[in-house]
Amino acid sequence: SAILVLIAVLMVVLLATTTCTFRGGFRGRRPTAMLGFFMRSVESRNRISRPLNLPSLWMDGIVHYRVLPGGFPRGTGHQFDGAAAVMSLRFENERVTEHTQHYRSARHRLSGRCRFYGIGTNPGIHFKSCSDNPSANLLPIAGQLWLTSDLTGWGRIDPYTLATEAAVLNASHPRLSAHPACDPTTAEC
3 SAILVLIAVL MVVLLATTTC TFRGGFRGRR PTAMLGFFMR SVESRNRISR PLNLPSLWMD
63 GIVHYRVLPG GFPRGTGHQF DGAAAVMSLR FENERVTEHT QHYRSARHRL SGRCRFYGIG
123 TNPGIHFKSC SDNPSANLLP IAGQLWLTSD LTGWGRIDPY TLATEAAVLN ASHPRLSAHP
183 ACDPTTAEC
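In our numbering, the protein residues as written are 3 to 191.
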């Protein structure tokens with residue numbers, strides 16, 4: 003079926019184009035073997051375009067976005083706590099173009115001068131926190147693309163360049179969730 007072909011193409015593209023490197027050592031506590039596999043850093047990459055070897059007219063114009071763990075700075079102890087990166091796959095003219103860009107949060111800029119905490123990482127008591135890492139989900143809202151988190155504020159990126167934009171939203175209201183559920187009948191979220 004067409005869906006299975008699309009899934010296979012996406013898997014091949016992800017395997018062929020996403021560069022994963024195992025960055026430096028893990029200072030502090032050592033993750034388990036399974037966490038070690040998932041705690042890999044993704045490099046920011048310029049656009050890479052590859053031809054599709056199948057007719058893809060029905061996919062033209064589709065853009066797929068994905069949040070990736072972009073890096074695991076010192077003190078990170080859980081795979082969900084990786085610094086956010088966004089990947090886009092654009093399908094146009096029987097080609098797929100992949101682009102990956104790190105979200106440039108204050109955490110990214112202050113790396114090494116503050117202590118990160120998140121799902122599985124304890125901040126300690128004598129460290130400045132830098133936990134503004136919206137790495138849970140992507141939400142398209144009114145033509146804007148927001149990175150979300152249940153732990154921190156949301157951050158906005160440009161949908162085409164994936165560049166970090168200045169807008170930040172404090173997501174402390176209970177209705178603002180990284181995993182929204184909307185009623186399809188009433189459109190209430």
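All C-beta atoms in this analysis are idealised placements derived from N, C-alpha and C, irrespective of residue type, glycine included.
The beta-carbon separation of threonine 99 and arginine 49, rounded to 5 angstroms, stays under the 8 angstroms limit for a contact. From the listed residues Pro136, Asn95, Pro142 and Pro161, the smallest Cα separation to glycine 72 is found for Pro136.
Between arginine 158 and leucine 147 the beta-carbon gap is near 7 angstroms, inside 8 angstroms, which marks them as a contact. Distance from the CA atom of arginine 68 to the CA atom of threonine 150, rounded to whole angstroms, is 12 angstroms.
For the set Leu178, Pro182 and His66, the Cα lying nearest the Cα of threonine 102 is the one of His66. When Glu94, Trp60 and Ala144 are compared, the shortest CA-CA separation from proline 161 is found for Ala144. Relative to methionine 61, the option among Thr187, Leu70 and Leu91 whose CA is nearest is Leu91.
Classified as exposed, histidine 181 has fewer than 16 neighbouring CB atoms from the shown chains inside 10 Å of its CB. With a 10 Å radius around the Cβ and a threshold of 16 neighbouring Cβ atoms, threonine 166 comes out buried. According to DSSP, isoleucine 143 shares a beta bridge with Gln146.
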